Structure formats: structure tokens, C-alpha cells
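Right, one structure below, let's go through it.
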Amino acid sequence: MLDWLLPVLISAALVLALAGALKRASLWRAGQPDSVNLIAGLMAMPRRYLVDLHHVVERDKYMSNTHVATAGGFVLSMLLIILVHLFGLESRWLAWALLASSVLMFTGAVFVFRRRLNPPARLSKGPWMRLPKSLLMFSVSFFILTLPAAGILPDAFGGWVLALILLIGVAWGLSELVFGMTWGGPMKHAFAGALHLAFHRRPERFNGGRSTGLKPVDLQARVLGVEKPTDFKWNQLLGFDACVQCGKCEAVCPAYAAGQPLNPKKLIQDMVVGLAGGTDAKFAGSPYPGIELGKAVGGPGQTITEGLVNSDTLWSCTTCRACVEECPMMIEHVDAIVDMRRFLTMEKGNTPNKGAEVLDNLIATDNPNGFDPGGRMNWAADQNLKVMSEVKQADVLFWVSDGAFDMRSQRILRAFVKVLKAAGVDFAVLGDEERDSGDVARRLGDDATFQSLAKRNIEVLNKYRFKRIVTTDPHAFHVLKNEYGDFGGNYEVLHHTTFINELVQQGRLQLDTFKGGTVTYHDPCYLGRYNGEYDSPRDLLKALGIELAEMERSGFRSRCCGGGGGAPITDIPGERRIADMRMEDARGVGAELVAVGCQQCTAMLEGVVEPRPEIKDIAELVSDALIEGAAAPRGTRESLAEEVLS
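Numbering (full-length UniProt numbering), first residue to last: 1 to 646.
Spelled out as C-alpha cells, the structure:
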């Protein structure tokens, strides 16, 4: 019976899978066009899957090994099943290879089963709970069916009873793992995920690259931002469908931990609901804090924020990219959130709390708090700084940023100026010609204001000659380095910790040993996850004789302070403050001082009620440790100037 029925079942599963793939692809293609090299993407997919994706998965050794065994065993088994049981190739080598791949898959499936016996809260339940059984049934059924082909058992072994049992197992396994892969089953991510890697919206992320700058809005477009699911780029919709619902994004999201109405995993699944149409009633994971399941309704042509996703969910995001960093499928959650914010801000004018006021201030005064633009350099009245409009050129352009209007941040700026002078650096500032970098406007969804500020800043910058831009503000650092290039502003931009570390390595600064107590370091999101700078701040602290007490959430897994993405401006309430949670992390390692490298982080962490550890920017620590009279070697400044002029 199985001689003719097995090929029929395999063929039917493959045909139905192809039909499902075409149907699913039609849903993705309802999105907006995006320029993708289809052939190059498909050719790059194996390496992206086996290397780039695996680098992320490998952070969890248990799941990494499980994934290699289960996925590798399934793919190899399926290829061999087609050759042995569909095309009927009589080869004991192929049969033995199929037995081996089935055993490999079975081994991985056992570990999947164990994982699901007591799954962590972040994992979705529902249909995912039957997946281990399906994997086991598939591998066992085809293992037994292949034994005769390998010459281990006679063809008629077991009679019709075993044949019937195997038939049920094969039908179950094929329906879940092949047919279900393209029709919305738990294995959907395997099909969509592979294509997502091939046609990823940010191909720069592969082969060790980094891509974190937001894509610019076409201000002449019919709709600014994303109103409906079909307003997303088609490969963004494909990316949403690739979600494996592992919940790693949920586990690291600061807004979710704080009890704000955001869960990045749920958000991506809501986008899948919007893609295909329906409700969130069958979502088997954790809901948004404070929002019940079953009430969200959406469809491809329906406004997302009118039934599918509450706008407060979008405004809760700090844009820290912790979710993106952890996602094993390399999905871009932050891009999607900002795209939807753009519609709310630019089309609807719905920016909550102080958001609208801040955007109005940026338009009227070039800074978010509405201060007199002419007062940008008041903090430096006694510093005798060179201004670019007067000197026209310098080795370093010091981008002051909007910390110039904040008394606490001014102490950081003055400390950095002291360090620059001690090292003999030839630097200048833009003075009153400098405007807000546009970071806040862009994260709040006002790309029109961002583009206006960026173009005006670029026009000013291009009037002068300098080698590098250095800033103490990671947010300005990020947009100047990664987002101004879309408008013709291509510069070498350094964060001040990177630059100071260079000066120390060159022997241009002589530092005393830090005399304080236990120190920990807080990684700013826009310096670390956005730009990969984790080492320079730590090297500087080491140069001060500090042995860091690292928090559990540090490096690429650092917990956000809560200050990014305009979150302090939109101020969506939760059960607790993100900054308070971060300070608990610092207390947990016995820190008496938290070293930071971001003015926004300083403000957020110092906003935590005392008693708490002291907060100091690394520039302040270096400034305090300078050995007086140990000036930079003579001639250093002249050589740098000659390099710039050449």
C-alpha cells in the first residue's frame, strides 16, 4: 500500500506547500516596492542562514545545538525523502544517509520536546506546543520507512498494521512541516525566514556589517509613514512573517519590563494579523501589559492604529534596539515602529504629551526646549573657544549638541574641553551656527523637520575644513555618522570616549589613578547597539586604574536608561520607571559610581531618587584625573593641522 500511497502523500504535500507559498507571497507583495537584487539575495541566503543568523542563535548554546540538529536534520531528510521515497532511487548509500539525517532530526526534536515541557514565559504556547510531537513523528516515521531501503528490514515487515501507523505518522509530519510551512503553521518561520534573509531590507547587516540608520521618508509620497499594513515595504511584511515567536525581544524590552503597553513580539504578530486580516484572539504569548487579548482587529487596508495597535504601544518604545539585537531572525522592530509613528506625527499630528511642543520648538528655535538659539554658547563664555566662522578650519570640530542648554550637561562639555586643551588638540565649535542634530524629531516620526535640520546643518558644515567631528552626545553622533549621508553629509564622526581613548593611547594625556570606590559602566544604546562602541569607554576606565564591576545587562545586552526615542517626551505611563530598573542593576553589583558616556543617560539616571550611586560622564572622570602640567608634546597640534590641510 505504501509503495504507491507514500509518493502520492509526498507529492500532495509539496504541491500544497507550493500553493501556500504563492498565496503567502501575494500577501507580502501587497506591500510597497523596495529595490532588492533577487538573484544576489538568493545566492547569499545560505551564508546568511548558516553564518550570520547562526551567530545570533549561538548566544544560547542549548538552542543553537538544538537548531542545528533539528533544522539541519529536517532539510537534509526532506531532500533525501524526495530522492528515495518520491523518485524511488534505489541506493543504499542514500537510504543510510536518510537514516542518519532522521536520527539527527530526532535528536534535535527531543531537545525541543524537553524545552517545551516547562517553557519560559517569553515563549508562545498554543500551536507551538505540538511542534515537538510533529518533529518526532516525522523523523521516526521516515526512519522506519527507510529501513527496508537500507537493507536492514524486509519490505513487508510489520504488515498492514505498521503500514497504517506509519501512514498516519507520515501524513501528520508532512502536514505540519511541509504543507503547514506555507499555510501559517508553527514552521511558517522556516519558509518566510529563509526568504527574509535573502531579501532583507538591511543587507548591510550581513558579513559582519552594521546598519542602524533610519531610512528617509519621501516627503512627496501619497502617505507619509505607514498608515496600513500595505504601506510597509514588501520585504518588511516578509520580515514580520519570519517571526519564530521565541520572545527574546520580549525578554529584553525595557518598556515591557516597566509595564508599559509594549511587547515587541506581540507587535510583530499584530503586523502579521494586519497582513492577512483577522484578530489577535489566537495569539498564544504574553499580551501588551494592561491590554487584553482578543480585541485587536485589522486587515491589509485598515488603519493600524484604529483597531489593531494602540498608539501608546508605539510611543512606549525607547528605540534602544535591544529587540533587534536579540532577534534570531534579524527582524527590524524599530524601523516598523518609527514608520508607524511617522504617520501619526506627520499625517495626523498625534504626538502625545510634550511631543507636539518639542517639535514646534525645533522648528521655531532649532532646539527642543525652545531656548534662545543665541544662547547656545553661553556655557563657554569663559572658555575662549575658537569658532569655525572665524578660523574656517581646525583638526577637530566639536559638536556641542543641545547639552549646551542644560546645566548638568554643561559640566560634561566643560570637562571635555579641559581634556582637549590638555592634549593640545586643535579644535573649534560652530557656535550659534550649530542647530539641533534632528535626532529627537526623527525618532518622534517628524522626518520633515529632521530633514530640514539635517540639510541646514550640512550646509553649514560644508563651509569649513576639518578632519573629524567629535561629540559627547551619542544621539547626535549616530545621526551625524549614519543618517546625514542620505543628504550629502558624509563625515568622520567620533564619540568623545573614542577620541579621548586615542589621545591616551598616543600618550597625549597623563592621568592619575582613580581614588574612588566601586565603579560600573552603563552602555548608552546609541553608542553601543547602534554603533558597536563598547571597548573605548572601558579602555579609558582601565587607564584610570578602574576595575569595572560589570552589570549583568551590559555590552550589547545593556538595559536602556529609558531616555531614547523621545520616550521622556511622550511619557507613556507604566508600572515603574526604566531608569529605576537600571539603577537597581547598578546597586546589584555594589556600585558607588556609574560611569556613563551620554548626556541623556546622565539626566535619566540622576533622576532616580536618592540614595543611589553617583553618576559621572567619562569625560568628567578623565578631567578630574588629569595631571596638571603634563601637556601634550610640542608639535603635535602642528602636525595634525598639516595633515588636515594636505
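Just so you know, even glycine gets a beta-carbon here, dropped at the ideal spot from N, CA and C. In this text, all values refer to a predicted model and were calculated from it rather than measured experimentally.
Buried/exposed call for residue i, threshold 16 Cβ in 10 Å
i, result
"H55", "exposed"
"E292", "exposed"
"V8", "exposed"
"M604", "buried"
"D3", "exposed"
"V573", "Correcting the residue type first, residue 573 is Pro in the shown sequence and not Val. The residue in question, P573, is exposed, as its Cβ has fewer than 16 Cβ neighbours within 10 Å."
"A364", "exposed"
"R222", "exposed"
"I546", "buried"
"F240", "buried"
"R634", "Because R634 carries a pLDDT of 42, less than 50, the predicted location of this residue cannot be relied on, and no value is offered for it."
"S646", "Low local confidence applies: a pLDDT of 39 at S646 is under 50, so the model's placement there is unreliable, with the coordinate-based value given in what follows. Answer is exposed; the Cβ neighbour count stays below 16."
"residue 662", "Nothing can be reported for residue 662, as the shown portion of the chain is limited to 1 through 646."
"I500", "buried"
"I627", "exposed"
"K515", "exposed"
"L153", "exposed"
"L50", "exposed"
"residue 652", "Since the displayed the chain opens at 1 and closes at 646, residue 652 lies outside it and no answer follows."
"W234", "buried"
"residue 661", "No answer is possible for residue 661: the residues shown for the chain start at 1 and end at 646."
"residue 714", "With the chain covering 1 to 646 only, the question about residue 714 has no answer from this structure."
Check whether residue i and residue j have beta carbons under 8 Å apart
i, j, result
"P568", "L593", "no"
"T66", "F106", "no"
"T518", "A549", "yes"
"A415", "M377", "no"
"I81", "I165", "no"
"D585", "E552", "yes"
"D280", "L362", "no"
"L53", "L197", "yes"
"G73", "S102", "yes"
"G355", "T182", "no"
"residue 648", "C253", "The displayed coordinates of the chain run from 1 to 646. Any statement about residue 648 would go beyond what the structure contains."
"L494", "L544", "no"
"T319", "G564", "yes"
"P474", "C317", "no"
"A619", "I412", "yes"
"V178", "A13", "yes"
"A25", "P300", "no"
"L541", "Y521", "yes"
"Q393", "F466", "yes"
"G126", "K282", "yes"
"H478", "Y534", "no"
"T212", "R341", "no"
"P368", "V440", "yes"
"R559", "M583", "no"
"M388", "Y464", "yes"
Terminal residues of the alpha helix (DSSP H) in which residue i lies
i, result
"R408", "407-422"
"E584", "578-588"
"P287", "Counting along the chain, P287 falls outside any alpha helix (DSSP H), and DSSP gives it neither H nor E."
"G41", "38-47"
"Q599", "599-606"
"V440", "439-443"
CB-CB length for residue i against residue j, believed under 8 Å
i, j, result
"L397", "I469", "5 Å"
"Y484", "A454", "6 Å"
"E227", "I304", "7 Å"
"R442", "L267", "With 8 Å as the limit, R442 and L267 do not qualify as a contact, their Cβ atoms being about 20 Å apart."
"P328", "V68", "Not really, about 13 Å apart at Cβ, beyond 8 Å."
"A109", "T70", "6 Å"
"R201", "D34", "7 Å"
Residue-level contact to chain D via CB, residue i, 8 Å cutoff
i, result
"A364", "Absent from the structure is chain D; it holds one protein chain and no more."
Boundaries of the beta strand (DSSP E) in which residue i is found, first to last residue
i, result
"D617", "614-617"
"L494", "493-495"
"A428", "427-429"
The ligand NAD heavy atom lying under 7 Å from the CB of residue i
i, result
"D335", "By its list of ligands, the structure shown contains no ligand whatsoever, and the ligand NAD lies outside what it can speak to."
Entirely enclosed alpha helix (DSSP H) segments - the segment 134-222, minimum 4 residues: 159-174, 188-198
Please give me, in chain order, every unbroken run of the alpha helix (DSSP H) with length at least 4 that falls completely inside the UniProt domain "4Fe-4S ferredoxin-type" (234-263). 234-241, 248-252, 254-257
Kindly provide the ranges of any alpha helix (DSSP H) runs that are 4 or more residues long and lie completely inside the segment 51-126, ordered along the chain. 53-57, 61-81, 92-117
What are the start and end residues of each continuous alpha helix (DSSP H) run of 4 or more residues lying completely inside the segment 507-592, in chain order? 535-543, 567-570, 578-588
Just to confirm the assignment: which complete alpha helix (DSSP H) runs, minimum length 4, are found wholly within the UniProt domain "4Fe-4S ferredoxin-type" (307-336)? 311-315, 322-326
Please list the segments of the alpha helix (DSSP H) lying wholly inside the segment 335-398, counting only runs of 4 or more residues, in order along the chain. 355-365, 388-391
Going along the chain, which unbroken runs of the beta strand (DSSP E) with 3 or more residues stay wholly within the segment 446-486? 465-471
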